[in-house]
Each structure stands twice: as structure tokens, then as C-alpha cells.
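A.B. asks:
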Amino acid sequence: MSIRVHVDVVSAEELIFSGQTDFAVFPGEAGELGIYPRHTPLLTRIKPGTVRLKIPDSNEYELVYVSGGMLEVQPALITVLADTAIRAHDLDEAKAMEAKRRAEEALKDRSSDVGLATAEAELAQAVAQLQAIKKLRSRH
Numbered sequence: 001m002s003i004r005v006h007v008d009v010v011s012a013e014e015l016i017f018s019g020q021t022d023f024a025v026f027p028g029e030a031g032e033l034g035i036y037p038r039h040t041p042l043l044t045r046i047k048p049g050t051v052r053l054k055i056p057d058s059n060e061y062e063l064v065y066v067s068g069g070m071l072e073v074q075p076a077l078i079t080v081l082a083d084t085a086i087r088a089h090d091l092d093e094a095k096a097m098e099a100k101r102r103a104e105e106a107l108k109d110r111s112s113d114v115g116l117a118t119a120e121a122e123l124a125q126a127v128a129q130l131q132a133i134k135k136l137r138s139r140h
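The sequence shown begins at 1 in UniProt numbering and counts up by one.
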């Protein structure tokens, strides 16, 4: 039996994933973070993107989109706290495309700094959702 680590991915609304994994990858602010069991304790922010969780005794990964948030790593437990977390197979491509289009239009408007920052954040989230959908499709 291989060594595993327990992972909880929690959104503001619900627990999205809770289970064992052999290996996990998170969208860190400075690049992807690969975490194995018994990793050194770590607390960091993550950006919008895809969390990849290696399912034990399988070649499959569970993919979860997160809108950003906090990642806490302990040797036997990994916790992700995100405002929004959605299993990749539940993402809606049409909604993500529409959100991307609206954010791009808002960026062209540039009526205020607050509006610009919001539009940039919304664009980053829409692009991350579309990338998660693309990763999911490439597996099949």
C-alpha cells in the first residue's frame, strides 16, 4: 500500500472533495504546486485554476476548478478553502465563454480603476474555467 494524504476542497457553499490522494497539484500564484504525502507544512494563496488530485489505485485525476483561495498543507492533510469550487465535469462552457466575453468588454470600457480590477479578476476566472474544461476533454 502506498502512502497517501487526505485532501479536503471546500467552497463557501459546500465540501466539494474529501478523500485520499497519491499526489495533488494546485494553481499557486507563482506557478503550480505539486504536493506529495508527508510534505512540509505550508500555507499559501492559490489563484484561479484547476486542482488535480491523483485518485489512488487508478490512472485518473479528479479535476476541480477553484476561483482562488487558501491552501494549507500538513504532512497528512491538505485543505483548500475557496470562494468557489466546482468539479470540472460540472462546469458550463457556455457560461464561461459568456463571462469571458463580458469581462473583455468591461476591460475595453475602462471607466474606473475599480471596474478594471473587477473585470481583470472575472476574466482570469473565466479563462481558468475554460482551461479546466479543456483539461477534462483532453482526458477523454
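Beta carbons are placed, not taken as given, at the ideal position from N, Cα and C, and that holds for glycine.
Everything numeric in this text was worked out from a predicted model, so none of it was measured.
1. Spatial neighbours of residue 73 within its chain, please: C-beta separation below 7 Å, excluding the five flanking residues on both sides.
2. If we call anything under 8 Å between Cβ atoms a contact, is residue 132 one with residue 50?
3. Using DSSP with H/G/I as helix, E/B as strand and the rest coil, what is residue 8?
4. Is any non-hydrogen atom of the ligand FAD found closer than 7 Å to the C-beta of residue 127, if you look at the structure I gave you?
5. In the DSSP assignment, what residue or residues form a beta bridge with residue 31?
6. Tell me which same chain residues have a C-beta within less than 8 Å of the C-beta of residue 194, skipping the five on either side of it?
7. Pick out the complete beta strand (DSSP E) segments inside the region 35-89, 3 residues or longer, and give them in chain order.
8. Which residue from 101, 56, 116 and 58 puts its Cα closest to that of residue 107?
9. Tell me whether the region 98-105 and the region 20-29 touch, counting them as touching only if at least three CB pairs, one residue from each stretch, are closer than 8 Å.
10. Quick one: residues in its chain with C-beta nearer than 6 Å to the C-beta of residue 33, no 5 flanking neighbours on either side, listed in chain order?
C.D. replies: The short version:
1. If we look at residue 73 and ignore the five residues flanking it on each side, its Cβ neighbours are 35, 39, 41 and 42.
2. Going by C-beta atoms, residue 132 is nearer than 8 Å to residue 50.
3. Of the three classes helix, strand and coil, the one that applies to residue 8 here is strand, per DSSP.
4. Ligands are entirely absent from the displayed structure, and the ligand FAD is therefore not among its contents.
5. According to DSSP, residue 31 bridges with 28.
6. In this structure the chain extends from 1 to 140, so residue 194 is not present and cannot be described.
7. Qualifying beta strand (DSSP E) stretches, in chain order: 42-46, 49-54, 61-66, 69-74, 77-82 and 85-87.
8. Of the residues 101, 56, 116 and 58, the one whose Cα lies closest to the Cα of residue 107 is 116.
9. Under the 8 Å Cβ criterion, the region 98-105 does not count as touching the region 20-29, having fewer than three qualifying pairs.
10. 26, listed in sequence order.
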